[in-house]
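Residue numbers for the sequence shown follow my numbering, so the first one is 69 and each next one is one higher.
Below is one structure, written out as structure tokens, with a few remarks after it.
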Amino acid sequence: MVYRAYHKVLIIFFLSLLWGEGITSASSLIVTDKLGRKVIVEVPVKRAIIGITYELIPAFDLWDQIAGVSRWAENFCSLYRAEITANPGWRRPTVGEGTDLNIEMVLKLKPDLVITWTYNPQLITFLENKGVKVIGIYPENLDEIYQLIRLHGRLFGKEKRAFELISEMEKVFNIIRTQVAKIPSAEKKRVIYLGGKPTTVSAGIGVTNDVINLIGGINPAGTIPERNIEVPIERIIAWNPQVIFIWGNAGYSAEWILKSSQWRSVVAVKEGKVYKAPEWSTWSPRLALYALWMAMKVYPEYFRDINFEDEADKFYRTVFGISYYKVKAYEKEY
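Structure, rendered in structure tokens:
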């Protein structure tokens, strides 16, 4: 009950975080960000640096309103790479990593706004002291992802597009909900999601836990009120997950888990149900497809009539204006 109350308060806080006090004039918006800072932004924003939500650039068609992106966009985002390859004029200067932006480059680009996550609050404070407006974000559940999309719509003058993006995501989520509703409680599977280390698991707070619940999984770490937590391998063995997912950017593979003598007693390993996730941002409309992909791995028998690539291609063309198959060419196997 305590956790549910905390979760409810968190959602209410984040709603106020993203909507702030609202419009101060015909062209200004006050946003209270995740760090509790009040930021007054002239809207629509004309020159933004995107440190973390770069998958929203093609979704909102923000190319003319972007001054720079983190190098993660080019290094890890197949969607961004596919878009700028097809349209070289859309490529934007990189400004370091999402966790450690290059201050000199940021100042050189003279942005109206920087959107980045809250990993490095000292950097955000430094930029603020230099006169750069920064919004720090960290969505922690699906509702907050939707609020983040709506925030981008308001910041960039594309509120209608935000509604359309959420509607497209809901279409995919409803496919999942319809199929999951058919699964008897006794058939629900234990699912864990591993992070950068094979002993770091997604716990009860966060988008990943929401997705596990959405797809009808049981997260053994879901009762722990943390985003991620490192646990002894013995605890994971005791949980005995039936399906294991690995964060797409982790430095180890599904094969490493499958071949490890430490993991061999786990049901997921015995049955070969260990999967490395695609390197897609979960702070993006692609979260919907991410969830569908996971659901199809956990319950293939309930999703046998659904062709993932067909669904993905329809989604990509509507949401990102590009074929899924063109983007897939820039992805690692998963």
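Glycine included, C-beta positions come from ideal geometry on N, C-alpha and C.
Just so we're clear, the structure is a prediction, and the values are computed from it rather than from any experiment.
Per-residue DSSP class, three states only, for phenylalanine 376
Here residue 376 corresponds to residue number 308 of the sequence shown, with the count starting at 1. Assignment of phenylalanine 376 by DSSP, reduced to helix, strand and coil, places it in the helix class.
Please state if the CB of valine 279 and the CB of methionine 362 are separated by a distance shorter than 8 Å.
Position 294 of the sequence shown holds residue 362. Position 211 of the sequence shown holds residue 279. In contact: methionine 362 and valine 279 (Cβ atoms closer than 8 Å).
Let's test the definition: count the other Cβ atoms within 10 Å of the Cβ of aspartate 101 and tell me whether it reaches 16, buried, or not, exposed.
Here residue 101 corresponds to residue number 33 of the sequence shown, with the count starting at 1. Burial state of aspartate 101 is buried, judged by a 10 Å Cβ sphere holding 16 or more other Cβ atoms.
Just to check my reading of the structure: valine 387 and alanine 127 have Cβ atoms closer than 8 Å, yes? What is that Cβ distance to the nearest angstrom?
Numbered from its first residue, the sequence shown carries residue 387 at position 319. Numbered from its first residue, the sequence shown carries residue 127 at position 59. That belief holds up - the Cβ atoms of valine 387 and alanine 127 are roughly 6 Å apart, short of 8 Å.
Just grab the DSSP bridge partners of alanine 154 for me.
Sequence index remark: in the sequence shown, residue 154 carries index 86 (1-based). Alanine 154 is not bridged to any residue.
Please name the residue, chosen from Gln215, Arg105 and Glu212, that lies closest to isoleucine 197 on a Cα-to-Cα basis.
Locating residue 197 in the sequence shown gives position 129, where the first residue counts as 1. Going by the sequence as given, residue 197 is asparagine instead of isoleucine. Comparing Cα-Cα distances from asparagine 197 to each of Gln215, Arg105 and Glu212, the minimum goes to Arg105.
Taking Cβ to Cβ, would you say valine 269 is nearer than 8 Å to valine 311?
For this step, residue 269 is matched to residue 201 along the sequence shown. For this step, residue 311 is matched to residue 243 along the sequence shown. Cβ atoms of valine 269 and valine 311: not closer than 8 Å.
How many angstroms separate the CA atom of leucine 282 from the CA atom of isoleucine 251?
Sequence index remark: in the sequence shown, residue 282 carries index 214 (1-based). Sequence index remark: in the sequence shown, residue 251 carries index 183 (1-based). One alpha carbon belongs to leucine 282, the other to isoleucine 251, and they sit about 12 Å apart.
Where in the stretch 180-218 do unbroken runs of the alpha helix (DSSP H), each at least 4 residues long, occur, reported from the N-terminal end onward?
Uninterrupted alpha helix (DSSP H) stretches at least 4 residues long and entirely within the stretch 180-218 occur at 189-197, given in chain order.
Which value, in whole angstroms, describes the spacing of the CA atoms of arginine 332 and leucine 326?
As a working mapping, residue 332 is identified with position 264 in the sequence shown. As a working mapping, residue 326 is identified with position 258 in the sequence shown. Whole-angstrom Cα-Cα distance: 7 Å.
Have a look at glutamate 236 and isoleucine 292 and give me their C-alpha separation to the nearest angstrom.
Indexing the sequence shown from 1 puts residue 236 at position 168. Indexing the sequence shown from 1 puts residue 292 at position 224. Cα-Cα distance, rounded: 32 Å.
Between the Cα of proline 207 and the Cα atoms of Lys226, Tyr187 and Leu191, which residue gives the shortest distance?
Looking up residue 207 in the sequence shown gives position 139. If you compare the alpha carbons of Lys226, Tyr187 and Leu191 with that of proline 207, the shortest gap goes to Tyr187.
Taking 7 Å as the limit between beta carbons, can you name the residues of its chain near glutamate 165, skipping five residues before and five after?
Position 97 of the sequence shown, counted from the first residue, corresponds to residue 165. Counting only Cβ-Cβ distances below 7 Å, and skipping sequence neighbours, we find Ser138, Arg139 and Trp140.
Report the rounded CA-to-CA distance for alanine 254 versus proline 288, giving the unit in angstroms.
By 1-based counting over the sequence shown, the position of residue 254 is 186. By 1-based counting over the sequence shown, the position of residue 288 is 220. If you take the alpha carbons of alanine 254 and proline 288, they lie about 15 Å apart.
Reference aspartate 180; option with closest CA among Tyr384, Arg258, Val111 and Lys265:
Numbered from its first residue, the sequence shown carries residue 180 at position 112. Of the listed residues, the one whose Cα sits closest to aspartate 180 is Val111.
Along the alpha helix (DSSP H) that carries serine 96, what are the first and last residues, could you check?
By one-based count along the sequence shown, residue 96 stands at place 28. Counting along the chain, serine 96 sits inside no alpha helix (DSSP H); it lies in the beta strand (DSSP E) bounded by residues 96-100.
If you count every other CB in all the chains shown that lies within 10 Å of the CB of lysine 178, and 16 or more means buried, which is it?
Locating residue 178 in the sequence shown gives position 110, counting from the first residue. Counting every other CB atom within 10 Å of its CB across the protein chains shown gives lysine 178 a total below 16, marking it as exposed.
Would you mind stating whether leucine 262 and tryptophan 351 have Cβ atoms separated by less than 8 Å?
One-based indexing of the sequence shown puts residue 262 at position 194. One-based indexing of the sequence shown puts residue 351 at position 283. At a Cβ-Cβ threshold of 8 Å, leucine 262 and tryptophan 351 do not count as neighbours.
Roughly how many angstroms separate the alpha carbons of lysine 226 and glycine 389, rounded to a whole number?
Here residue 226 corresponds to residue number 158 of the sequence shown, with the count starting at 1. Here residue 389 corresponds to residue number 321 of the sequence shown, with the count starting at 1. Here the C-alpha atom of lysine 226 lies approximately 16 Å from the C-alpha atom of glycine 389.
In or out: asparagine 242 buried (at least 16 other Cβ within 10 Å) or exposed?
By one-based count along the sequence shown, residue 242 stands at place 174. Exposed: under 16 other Cβ atoms inside 10 Å.
DSSP state of leucine 103, grouped into three classes?
Position 35 of the sequence shown holds residue 103. In the structure shown, leucine 103 sits in coil (DSSP, three-state: anything other than H, G, I, E or B).
Are isoleucine 304 and isoleucine 260 close, meaning C-beta to C-beta below 8 Å?
What you label residue 304 is simply residue 236 of the sequence shown in a count that begins at 1. What you label residue 260 is simply residue 192 of the sequence shown in a count that begins at 1. Yes, Cβ-Cβ distance for isoleucine 304 and isoleucine 260 is below 8 Å.
What do you reckon, are the CB atoms on tryptophan 307 and arginine 258 nearer than 8 Å?
Within the sequence shown, residue 307 is the residue found at index 239, counting from 1. Within the sequence shown, residue 258 is the residue found at index 190, counting from 1. Taking 8 Å as the cut-off, the beta carbon of tryptophan 307 is found closer than this to the beta carbon of arginine 258.
Residues bridged to isoleucine 118 by DSSP?
As a working mapping, residue 118 is identified with position 50 in the sequence shown. Beta-bridge pairing links isoleucine 118 to Val137 and Ile183.
Taking a contact to mean a Cβ-Cβ separation below 8 Å, would you say tyrosine 343 touches proline 266 in this structure?
Residue mapping note: residue 343 aligns to position 275 of the sequence shown, counting from 1. Residue mapping note: residue 266 aligns to position 198 of the sequence shown, counting from 1. Against a cut-off of 8 Å, the Cβ pair of proline 266 and tyrosine 343 comes out as no contact.
To the nearest angstrom, report how far apart isoleucine 286 and valine 200 are at their CA atoms.
Sequence index remark: in the sequence shown, residue 286 carries index 218 (1-based). Sequence index remark: in the sequence shown, residue 200 carries index 132 (1-based). Rounded to whole angstroms, isoleucine 286 to valine 200 spans 43 Å at the Cα level.
Who are the Cβ neighbours of arginine 245 in its own chain at under 8 Å, not counting the five residues just before and after it?
For the purposes of this step, residue 245 is identified with residue 177 of the sequence shown, where counting begins at 1. Within the same chain, Cβ atoms closer than 8 Å to the Cβ of arginine 245 are found at Leu282, the five residues on either side in sequence being excluded.
How would you write the range of the beta strand (DSSP E) that serine 270 sits in, first residue to last?
In the sequence shown, residue 270 corresponds to position 202, counting from 1. The continuous beta strand (DSSP E) containing serine 270 extends over residues 268-270.
Extent of the continuous beta strand (DSSP E) run through leucine 282
Looking up residue 282 in the sequence shown gives position 214. Per DSSP, leucine 282 lies in no beta strand (DSSP E); the unbroken alpha helix (DSSP H) holding it starts and ends at 275-282.
Answer with buried or exposed for glycine 221, where buried requires no fewer than 16 other C-beta atoms within 10 angstroms of its C-beta.
If you number the sequence shown from 1, residue 221 lands on position 153. Burial call: buried.
In chain order, which alpha helix (DSSP H) runs of at least 4 residues are fully inside the stretch 302-387?
Whole alpha helix (DSSP H) segments, 4+ residues: 322-327, 335-338, 355-366 and 376-387.
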